[in-house]
Structure formats: C-alpha cells, structure tokens
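Asks:
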Amino acid sequence: MPPASGRAPVLALHEVSAGYGAIQILHGVSLHVDEGEIVSVIGPNGAGKSTTFKVIMSLIAHLGGDVRFLGRSLVGQRPDRILGLGLAYVPQGRVVFAQMTVRENLEMGAYLERDKAKIGQAMDYVFTLFPRLGERPGQTAGSMSGGEQQMLAMGRGLMMRPKMIMLDEPSLGLSPRLVDEVFDKTVAMARGGLTVMLVEQNAARALEISDRGYVLELGRNRYEGTGRELLDNPDVRTMYLGGGVRAS
Ligand SMILES: Nc1ncnc2c1ncn2[C@@H]1O[C@H](COP(=O)(O)OP(=O)(O)OP(=O)(O)O)[C@@H](O)[C@H]1O
Ligand SMILES: [Mg+2]
Numbered sequence: 002m003p004p005a006s007g008r009a010p011v012l013a014l015h016e017v018s019a020g021y022g023a024i025q026i027l028h029g030v031s032l033h034v035d036e037g038e039i040v041s042v043i044g045p046n047g048a049g050k051s052t053t054f055k056v057i058m059s060l061i062a063h064l065g066g067d068v069r070f071l072g073r074s075l076v077g078q079r080p081d082r083i084l085g086l087g088l089a090y091v092p093q094g095r096v097v098f099a100q101m102t103v104r105e106n107l108e109m110g111a112y113l114e115r116d117k118a119k120i121g122q123a124m125d126y127v128f129t130l131f132p133r134l135g136e137r138p139g140q141t142a143g144s145m146s147g148g149e150q151q152m153l154a155m156g157r158g159l160m161m162r163p164k165m166i167m168l169d170e171p172s173l174g175l176s177p178r179l180v181d182e183v184f185d186k187t188v189a190m191a192r193g194g195l196t197v198m199l200v201e202q203n204a205a206r207a208l209e210i211s212d213r214g215y216v217l218e219l220g221r222n223r224y225e226g227t228g229r230e231l232l233d234n235p236d237v238r239t240m241y242l243g244g245g246v247r248a249s
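Structure (structure tokens):
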C-alpha cells in the first residue's frame, strides 16, 4: 500500500475483517491515512464505517487482516494502549460525561497522562481551538447544547495530544451553523499538524475538506480517490451524495 501522497502512512488497514460475535461485518477493508491528511470514509447506513473505527481501536473482535499505526500492529493491543500510542477516537453520538464539568470531561480525556504540566498544555490547546469551552470550564456537560457537547467530545479526544484523531459523525444532528463550525474545527486540527480520519453522513461536505476518501458498502471497499475525484464521480454522486453537489 504505497501512500498516494508520498507522505508517511500513519494508519494502514490491510484486508481487515471484523464483526460482532458470529456476525461478520467487515470483509477485507483496506485503507491508509498519511501524515497530515484528512481522509473521509463515507457510505450508506450499516456499511461498517463505525465498525471500522471500533476494530482499529480493538473495541471489537478482529477476524483477519492487519491494522498498523506508525508502522506497529494494533492487533491484540488494548484500547488504552492504542490511545497512549497517539491515536484518539471520538465515537458517534456526542458521548460526554453529563454530570461532570467541561474541565472534568477534558481531564478524563487525559487519564493516561500523569504529567500535570502536559495536561495543562493540552487543555490550553483545546481552549484555544474551542474558545466556548474555555469560557465555561465549570458548566456541566449535560447542560450544554448539542454543538457544544460535540466540541467537548472532540476536545476530550485531543487531551492526550494525539498524532491522529478519528471522528465518527461529528456533525450528526447539528444545526447548519454548527455543522459549519465542526468542519472548520476539523480543518483547523489538520492545519495544526493532526492527521484526521472522518466518518460523515454529510458526505459531500466531508469530501470537500478531505485530501482523500473511501466509500464503503456492505463492509467492503467500493470506491476510493481524492476528495475531488469522488465528488466528481457520477456513480458516487448519484448513490452517496444525493445527486447534486455544490461546486467548492
Ligand atoms: N453491537 C453490535 N452487534 C451486532 N451488530 C452490530 C453492532 N453494531 C453494529 N452492528 C451491525 O453492523 C453493521 C455495520 O454497522 P456500523 O455501525 O459499522 O455502520 P455505519 O456504516 O457506521 O452506519 P451508520 O451510518 O448508520 O452509522 C450494521 O448492520 C449493524 O447493524
Ligand atoms: Mg456509524
């Protein structure tokens, strides 16, 4: 799998199969994300996008193939070890600790870090990227708006100062203005040096900000290309992008 961009691969999946109990969902998925890229994974509901993230993080059974992060196999590693290696995962559904404050939620994201100075630096970075969190560190997460909770979930993912972050449907259920904000923040994270893998229902928007993308269907690779190639592909447009796409 030579990287198309000429950049070093950060994450590489080679023919990965995975599932839940006896049910196999992924049937040999291959993809790679190179340093500094934003790579989107799109596809219909149930295609296996979230499952792909879960098997990368070793949260579900791995049935075959290899997952490599910075050249090291993640197969059989514990999720906290994977996080410690520099791979952050923000699950679908704005998962925050509702009873805890913004600050406590962020501290939970750094639970593997013992160095208080590093935790403080990470929190400063998160507050710079998401000023609204910095304005209300004592507010309980459950009382925040949906958009603020999504920012908090993303901020928590940044607290270990990861090399790469995987975002599952960060814009789901948000108002158009907040959708814009989530995409802007994603671009800002990548400009800050982070490698990003993004799963989005909002496929056209995702591809517009992506270096490359993959289309999954029924647990298999269906199409891949640069963001622009996928946006311009008539089959992809008809099947996955609702027919029309705004020119960017
Ligand atoms: N815990 C589970 N146990 C059994 N099957 C599951 C489980 N979670 C997901 N699945 C099944 O795996 C398949 C892929 O689900 P997955 O969540 O990966 O899809 P997705 O592409 O993320 O879809 P969506 O766009 O709806 O989020 C679906 O058929 C789903 O029903
Ligand atoms: Mg999903």
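The numbering of the sequence shown is the working numbering, which starts it at 2 and goes up by one.
Glycine included, each C-beta is placed from N, C-alpha and C at the ideal position.
At the 9 Å Cβ level, is Arg206 part of the contact set with chain C, yes or no?
Replies: The structure shown contains no chain C; it holds only a single protein chain.
Asks: Per DSSP, what kind of secondary structure is Met240 in: helix, strand or coil?
Replies: The residue you call residue 240 lines up with position 239 of the sequence shown. In the structure shown, Met240 sits in a helix (DSSP, three-state: H, G or I).
Asks: Does DSSP put Ile210 in a helix, in a strand, or in coil?
Replies: On the sequence shown, residue 210 is found 209 positions in, with the first residue counted as 1. Ile210: coil per DSSP, three-state reduction.
Asks: Suppose you measure from the CA of Pro4 to the CA of Asp35; what does that come to, to the nearest Å?
Replies: In the sequence shown, counting from the first residue as 1, residue 4 sits at position 3. In the sequence shown, counting from the first residue as 1, residue 35 sits at position 34. The predicted model places Pro4 with a pLDDT of 47, which falls under 50 and marks its position as unreliable; any figure quoted below should be read in that light. Approximately 7 Å, taken between the alpha carbons.
Asks: What I want to know is whether the C-beta of Gln202 ends up closer than 8 Å to one or more non-hydrogen atoms of ligand 1.
Replies: The sequence position of residue 202 within the sequence shown is 201, counting from 1. It does: the Cβ of Gln202 is within 8 Å (strictly closer) of some heavy atom of ligand 1.
Asks: May I ask you to list the residues that DSSP assigns as paired with Ser18?
Replies: As a position in the sequence shown, residue 18 is number 17, starting the count at 1. Answer is His28 and Gly65, bridged to Ser18.
Asks: Determine the direct distance from the alpha carbon of Ile83 to that of Arg238, and round the result to whole angstroms.
Replies: Residue 238 sits at position 237 when you count from the first residue of the sequence shown. Residue 83 sits at position 82 when you count from the first residue of the sequence shown. Computed Cα separation, rounded: 35 Å.
Asks: For Ser74, which beta-bridge partners are listed by DSSP?
Replies: Taking the sequence shown and counting its residues from 1, one reaches residue 74 at position 73. Answer is Arg69, bridged to Ser74.
Asks: When the Cα of Glu38 is compared with those of Leu232, Thr102, Val216 and Ile210, which residue comes out closest?
Replies: Within the sequence shown, numbered from 1, the residue matching residue 38 stands at position 37. When each option's Cα is compared against that of Glu38, the closest is Ile210.
Asks: Which runs of the alpha helix (DSSP H) spanning at least 4 residues fall entirely within the region 154 to 240, listed in chain order?
Replies: Qualifying alpha helix (DSSP H) stretches, in chain order: 177 to 192, 204 to 209 and 228 to 233.
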